[in-house]
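J.: Take the sequence shown: its position 37, counted from the start at 1, is 423 in the numbering used here, and no numbers get skipped.
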Amino acid sequence: MNSIIFFDLDGTLTESGLGITRCVQYALEKLGRPEPSLEKLRVFIGPPLIDMFQKYAHLNEADAKRGVHYYRERYNTIGIFENQLYPGIRELLQALDEAGCILAITSAKPEPYVRQIADYFTITPYFDEIVGSTMQETRTKKPEVIVEAMRRLHLSDPEAVTMVGDRADDIQGAKTVGTRSVGVLYGYGTPAELHEADALVMTPADLKQFLLEKNLKDD
């Protein structure tokens, strides 16, 4: 059986930090909690936004929802395009597609945004499924997104799936569902938060080699 590979989006396929942090900065300013340092806001990249507004800015749930609303105000028209594919990602996806792998994007970002970004970078054709959270802030946890991707692809064995991501949420989500995991060190996470991954890679080129070799073993 060919490999089944689920990819996180931010920090794994795309270098989206500038757009995300600027939108968080905009939202915090609107909430009266200005944060001049974009570097400090990098913690928002990856985890569900509503959780981070509560954890980082110490907002209650109602104000955190306002934060998400303000974030999207800027993200919809500006932030979504402050983004780029990591070098080598297109070649990685093309090689995996040609090898017959089943590919999906599994992101905590709202699904309409995930699909818009994939379309913008013309990588949608490489994927058998694209799954994100809802605009109503449900299905925001990584295990929920992975399970939904498996449901849409009619997959019943989590051990047949490899989750690729750059943050602890990706690795812990994989462990919760029972899939294998690969942590990428070129994204926004740290080696410490990825230490429970089944494998670690340094670059998209390393990831390509690892996944192609794995696909040959799975055949």
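Where is the CB? At the ideal position from N, CA and C, for every residue including glycine.
Tell me whether the beta-carbon of A413 lies closer than 8 Å to the beta-carbon of G465.
T.: Position 27 of the sequence shown holds residue 413. Position 79 of the sequence shown holds residue 465. Not a contact, by the Cβ cut-off of 8 Å.
J.: From D556 to Q470, what distance separates their C-alpha atoms?
T.: Numbered from 1 along the sequence shown, position 170 holds the residue referred to as residue 556. Numbered from 1 along the sequence shown, position 84 holds the residue referred to as residue 470. Straight-line Cα distance between these residues: approximately 20 Å.
J.: My output table needs one value for T548: the three-state DSSP class, helix, strand or coil.
T.: The residue given as residue 548 occupies position 162 in the sequence shown. Correct three-state label for T548: strand.
J.: If contact is defined by three or more beta carbon pairs under 8 Å, each pair taking one atom from either stretch, is the stretch 505 to 522 in contact with the stretch 406 to 423?
T.: Verdict: no, contact absent.
J.: Would you identify the three-state DSSP class for G564, choosing helix, strand or coil?
T.: Translated into the one-based positions of the sequence shown, residue 564 becomes position 178. Coil at G564, not helix or strand.
J.: So M474 is in the beta strand (DSSP E); what residue range does that whole segment cover?
T.: Sequence index remark: in the sequence shown, residue 474 carries index 88 (1-based). Note on identity: in this sequence residue 474 is Gly, with Met being the wrong assignment. Unbroken run through G474: none, as it is neither H nor E.
J.: Go ahead and label N601 buried or exposed: buried means 16 or more other beta carbons lie within 10 angstroms of its beta carbon, across all protein chains shown.
T.: Start at 1 with the first residue of the sequence shown, and residue 601 comes out as number 215. Buried is the call here.
J.: Rounded to the nearest angstrom, what separates N388 and V547 at their Cα positions?
T.: Locating residue 388 in the sequence shown gives position 2, where the first residue counts as 1. Locating residue 547 in the sequence shown gives position 161, where the first residue counts as 1. Each residue's alpha carbon lies about 10 Å from the other.
J.: Expressed to the nearest angstrom, what Euclidean distance is found between the alpha-carbon atoms of T463 and Y472?
T.: Locating residue 463 in the sequence shown gives position 77, counting from the first residue. Locating residue 472 in the sequence shown gives position 86, counting from the first residue. Rounded to whole angstroms, T463 to Y472 spans 22 Å at the Cα level.
J.: From this set, S567, L489, A578, which residue's C-alpha is nearest V517's C-alpha?
T.: Residue 517 sits at position 131 when you count from the first residue of the sequence shown. Among S567, L489, A578, the Cα nearest to that of V517 is on L489.
J.: Does I503 come out as helix, strand or coil in the three-state DSSP assignment?
T.: Residue mapping note: residue 503 aligns to position 117 of the sequence shown, counting from 1. I503 falls in the helix class under three-state DSSP.
J.: Report the residue from L399, M438, E582 whose alpha carbon sits nearest the alpha carbon of F562.
T.: As a position in the sequence shown, residue 562 is number 176, starting the count at 1. In the sequence as presented, Phe is not what sits at residue 562; that position holds Thr. Looking at the Cα atoms, E582 is the closest of the given residues.
J.: Assess contact between the stretch 524 to 538 and the stretch 489 to 501, defined as three or more Cβ pairs (one per stretch) separated by less than 8 Å. Is contact present?
T.: Flag = yes, the stretch 524 to 538 and the stretch 489 to 501 touch.
J.: Which value, in whole angstroms, describes the spacing of the CA atoms of F596 and T565?
T.: One-based indexing of the sequence shown puts residue 596 at position 210. One-based indexing of the sequence shown puts residue 565 at position 179. Straight-line Cα distance between these residues: approximately 17 Å.
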